[in-house]
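Our numbering numbers the first residue of the sequence shown as 175 and each following residue consecutively. Let me begin by presenting the structure, written as structure tokens, before commenting on it.
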Amino acid sequence: MLSQEKRDIIKATVPVLEIHGTAITTRFYQLLFDSHPELLHIFNKMNQRKGDQQTALANAVYAAAVHIDHLEDILPAVKQISYKHRALGILPEHYPIVGENLLKAIKQVLGDAATDEIIDAWAAAYGVIADAFISVEHEMYREAETQKGGWSGFRPFVVQKKVPESDVISSFYLVPQDGKEIADFLPGQYLTFKVDIPGETYTQRRHYSLSDAPGKGHYRISVKREDGRGDIPAGLVSSYFHNHLNEGDVLYVSAPSGDFVMKKPADKPVVFLSGGVGMTPLVSMVKTLLQEQPGHSVTYVHAAIHGGFHALQEDLNTLAETNPSLNYHVVYEKPTEQDKAHKHFSKEGFIDLDWLKQVVSADSDFYFCGPTPFMKAMYRALKGWGVPDDQIHYEFFGPQGSLTD
Ligand code: FAD
Ligand code: HEM
């Protein structure tokens, strides 16, 4: 329990730390990796290069500090982070290492302004916040391990099938090497992979959403190959999956995780909006929804640059053919003549609010996923239409960011 004096110091210093937030977390990561280079096997360096990870960590620490009196108020945010931590294999013994380096970074960035009193108060607050994370994660590890077909840590899976789905996306069908049962999952959840790439010093960990409905006896993920552009190198893991991973190869996978899941049962019309490879969790959701609630009013809108980039077409075409209650629309930015002949082709260009108003009702539950500019455009459109927040659900394919800046 934090003393009133320490709480007061925390509340008074949150705004100061917020101003220096990114400087502190940037320094924090330098200190962390200098003192514990083995943690580079867990963190994704690219997320730090882009600054997303620094911002996400800073925001989470300050949000927790602001709510230090009532951490239960931010439990959903803690859980969202903890799902990722559990999937990545973060353990209680990692927390003091992060705490120590975070405090060092605060001291170094604030200099004399960081008095002993302030540092003591933040050390105590970090302890309270860390305990909250550790206890949520403990429960998640227990659930992952004890559920039917579940496991802890990273379990070997064999690539049973590799199927090209578009010019840049391929699906990978995975079965456990031990031949035993696999855990069920909720549509929208992801698997996390620990990958050793020849020539790379550090192990890479990445999340990939499950792209098919549950209950098939295997897992399917669908991965976009992130090609290099000019000076920008190609994505490490996605290129490795596409160019080097073959049927029969083994991958190390942690149990399904994530809180981007559907409200059950759906009581309003449901609208799915996907951009590019952001379709993977939504395809799993739409298939499951129509299995569990046939006849429910569902609209699926997929946006892609053109037909060559449009994956999982067979899944959605078959679904539309067999479910009259599904309205399926395809929006291509630059369609070819052949693309325009697609049975479900609806619009050239982008999804915008004027068009959305013609095809769906605002009184729906909306689920969307795609590149960040796509997500921002969808969020702006839905908010501009007056859709309440509790009907808007989305997932970032990277560190949780903001849709409003
Ligand atoms: P990285 O090596 O991590 O690089 C990331 C990007 O940065 C690449 O586009 C790369 O070209 C670019 N880059 C590399 N070097 C530089 C540089 N110096 N400067 C600027 N840019 C650079 N992806 C899917 O394909 N399918 C999914 O279903 C899916 N589901 C996800 C679910 C969740 C919950 C999350 C968080 C992510 C998901 N992702 C999914 C994204 C996936 O986890 C990876 O982030 C993605 O595959 C890129 O990883 P990579 O190793 O190929 O690229
Ligand atoms: C991701 C917060 C402790 C390792 C994250 C994210 C946040 C966060 C906000 C981004 C989640 C997202 O992707 O949306 C915190 C807080 C902590 C804490 C507030 C302490 C109270 C730790 C510890 C470790 C750790 C102890 C292990 C050393 C990671 C890793 C990621 C992550 C590896 C994913 C980053 C990436 O590679 O993309 N954390 N974290 N975190 N965290 Fe933590």
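Backbone N, C-alpha and C define an ideal beta-carbon position, used for all residues, glycine too.
**Q.** Distance CB(Phe519)-CB(Val475) smaller than 8 Å
**A.** The sequence position of residue 519 within the sequence shown is 345, counting from 1. The sequence position of residue 475 within the sequence shown is 301, counting from 1. In this structure, Val475 does not lie closer than 8 Å to Phe519 by Cβ.
Q: Quick one: give me the first and last residue of the alpha helix (DSSP H) that Lys508 is part of.
A: Translated into positions along the sequence shown, residue 508 becomes position 334. Segment: none, Lys508 is in no alpha helix (DSSP H) and carries neither H nor E.
Q) Name the DSSP bridge partner or partners of Asp539? A) Locating residue 539 in the sequence shown gives position 365, where the first residue counts as 1. Answer is Val444, bridged to Asp539.
(Q) Please classify Trp559 as buried or exposed, where buried requires at least 16 neighbouring CB atoms within 10 angstroms. (A) Locating residue 559 in the sequence shown gives position 385, counting from the first residue. Exposed is the call here.
**Q.** Three-way DSSP call (helix, strand, coil) for Arg399 in this model
**A.** In the sequence shown, counting from the first residue as 1, residue 399 sits at position 225. Here Arg399 sits in coil by DSSP.
Q.
ligand 2 and Gln363: does the residue's C-beta get closer than 7 Å to at least one heavy atom of that ligand?
A. By one-based count along the sequence shown, residue 363 stands at place 189. Every heavy atom of ligand 2 is 7 Å or more from the Cβ of Gln363, so no.
Q) Which residue comes first and which comes last in the beta strand (DSSP E) that contains His381? A) Locating residue 381 in the sequence shown gives position 207, counting from the first residue. Taken as a continuous stretch (DSSP letters only), the beta strand (DSSP E) holding His381 covers Gln378 to Ser383.
Q: With a 10 Å radius around its C-beta and 16 neighbouring C-beta atoms as the bar for buried, classify Thr320 as buried or exposed.
A: Taking the first residue of the sequence shown as position 1, residue 320 is located at position 146. Counting Cβ neighbours within 10 Å, Thr320 comes out exposed, since fewer than 16 surround it.
Q. Taking 7 Å as the line, does the beta carbon of Tyr269 fall inside it for any heavy atom of ligand 2?
A. Against the sequence shown, residue 269 aligns to sequence position 95. Checking every heavy atom of ligand 2 against the Cβ of Tyr269, one is found closer than 7 Å.
**Q.** Boundaries (first-last residue) of the beta strand (DSSP E) holding Ser344
**A.** The residue given as residue 344 occupies position 170 in the sequence shown. Start and end: Ile343 to Pro350.
(Q) What does DSSP give as the partner residue(s) for Lys521 in the beta ladder? (A) One-based indexing of the sequence shown puts residue 521 at position 347. Bridge partners of Lys521: Val505.
Q. Does any heavy atom of ligand 2 sit closer than 7 Å to the C-beta of Phe307?
A. Locating residue 307 in the sequence shown gives position 133, counting from the first residue. Result yes, Cβ under 7 Å from ligand 2.
Q: Please name the residue or residues paired with Pro330 in a DSSP beta bridge.
A: Working through the sequence shown from its first residue, we reach residue 330 at position 156. BP columns for Pro330 point to Tyr426.
Q.
So the candidates are Ala197, Tyr414 and Ala555; which of them puts its Cα closest to the Cα of Arg379?
A. Residue numbering aside, residue 379 sits at position 205 when the sequence shown is read from its first letter. The option with the nearest alpha carbon to Arg379 is Tyr414.
(Q) From the DSSP secondary-structure annotation, give me the bridge partner or partners of Ser340. (A) In the sequence shown, residue 340 corresponds to position 166, counting from 1. In the DSSP output, where bridge partners are listed per residue, Ser340 has none listed.
Q: Go through its chain and collect everything with a Cβ distance to Ile248's Cβ below 8 Å, but skip five positions before and after it.
A: Against the sequence shown, residue 248 aligns to sequence position 74. The answer, listed in chain order, is Ala237, Ala238 and His241.
**Q.** Limits of the beta strand (DSSP E) - the one that Ile479 falls within
**A.** As a first step, residue 479 must be located in the sequence shown, where it is residue number 305. From DSSP, Ile479 is part of no beta strand (DSSP E); its letter is neither H nor E.
Q: Reducing DSSP to helix, strand and coil, say where Val533 ends up.
A: Here residue 533 is taken as the residue at index 359 of the sequence shown, counted from 1. Three-state DSSP puts Val533 in a helix.
Q) By Cβ distance below 8 Å, which residues in the same chain neighbour Glu400 in space, the five residues on each side in sequence not counted? A) Numbered from its first residue, the sequence shown carries residue 400 at position 226. These residues qualify, in order along the chain: Ala408, Gly409, Ser412 and Ser413.
Q: Give every residue of the same chain whose Cβ lies closer than 6 Å to the Cβ of Asp294, excluding the five residues on either side of it in the sequence, and list them in chain order.
A: Within the sequence shown, the letter at position 120 stands for residue 294. No residues qualify anywhere along the chain.
Q) Rounded to whole angstroms, how far is the Cβ of Ser345 from the Cβ of Ile264, which I believe are closer than 8 Å? A) In the sequence shown, counting from the first residue as 1, residue 345 sits at position 171. In the sequence shown, counting from the first residue as 1, residue 264 sits at position 90. Their Cβ separation, rounded to whole angstroms, is 29 Å, which puts Ser345 and Ile264 out of contact at 8 Å.
Q: State the DSSP-derived secondary structure class of Lys368, mapped to helix, strand or coil.
A: In the sequence shown, counting from the first residue as 1, residue 368 sits at position 194. The answer is strand: DSSP assigns Lys368 an E or B state.
Q) Assuming Ile292 contacts Ile183 under a Cβ cut-off of 8 Å, what Cβ separation, rounded to an integer in Å, is found between them? A) Here residue 292 refers to the residue found at position 118 when the sequence shown is read from its first residue. Here residue 183 refers to the residue found at position 9 when the sequence shown is read from its first residue. Indeed, because the Cβ distance is near 6 Å, the residues count as touching under 8 Å.
Q: Decide if Pro509 is buried, meaning its Cβ has at least 16 other Cβ atoms within 10 Å, or exposed.
A: If you number the sequence shown from 1, residue 509 lands on position 335. By the neighbour-count rule (16 or more Cβ atoms within 10 Å), Pro509 is buried.
Q. Can we count Gln227 as close to ligand 2, meaning its CB is less than 7 Å from some heavy atom?
A. The sequence position of residue 227 within the sequence shown is 53, counting from 1. Gln227: yes, Cβ under 7 Å from ligand 2.
Q) How many Å lie between Val457 and His480 at the Cα? A) Translated into the one-based positions of the sequence shown, residue 457 becomes position 283. Translated into the one-based positions of the sequence shown, residue 480 becomes position 306. The alpha-carbon atoms of Val457 and His480 are separated by roughly 18 Å.
**Q.** Cβ pair Val444, Val472 closer than 8 Å
**A.** Taking the sequence shown and counting its residues from 1, one reaches residue 444 at position 270. Taking the sequence shown and counting its residues from 1, one reaches residue 472 at position 298. Contact: yes.
Q | Those residues, in chain order, that have a beta-carbon closer than 5 Å to some heavy atom of ligand 1 | A | Met220, Tyr364, Arg380, His381, Tyr382, Ser383, Val397, Lys398, Glu400, Ile406, Pro407, Gly409, Leu410, Val411, Ser412, Val451, Thr454 and Phe571
Q: Give the secondary structure of Glu495 by DSSP, where H, G and I count as helix, E and B as strand, and everything else as coil.
A: Taking the first residue of the sequence shown as position 1, residue 495 is located at position 321. It is helical.
Q: Can you give me the Cβ contacts of Asp358 inside the same chain, cut-off strictly under 6 Å, excluding the 5 residues immediately before and after it?
A: Along the sequence shown, one-based indexing puts residue 358 at 184. Cβ neighbours of Asp358 beyond the five flanking positions: Pro388.
Q) Opposite Leu500 in the DSSP bridges: which residues? A) For this step, residue 500 is matched to residue 326 along the sequence shown. In the DSSP output, where bridge partners are listed per residue, Leu500 has Val472.
Q. For Glu335, which residues does DSSP report across the bridge?
A. Within the sequence shown, numbered from 1, the residue matching residue 335 stands at position 161. First, the residue type needs correcting, since residue 335 is Lys and not Glu in the sequence shown. Per DSSP, Tyr347.
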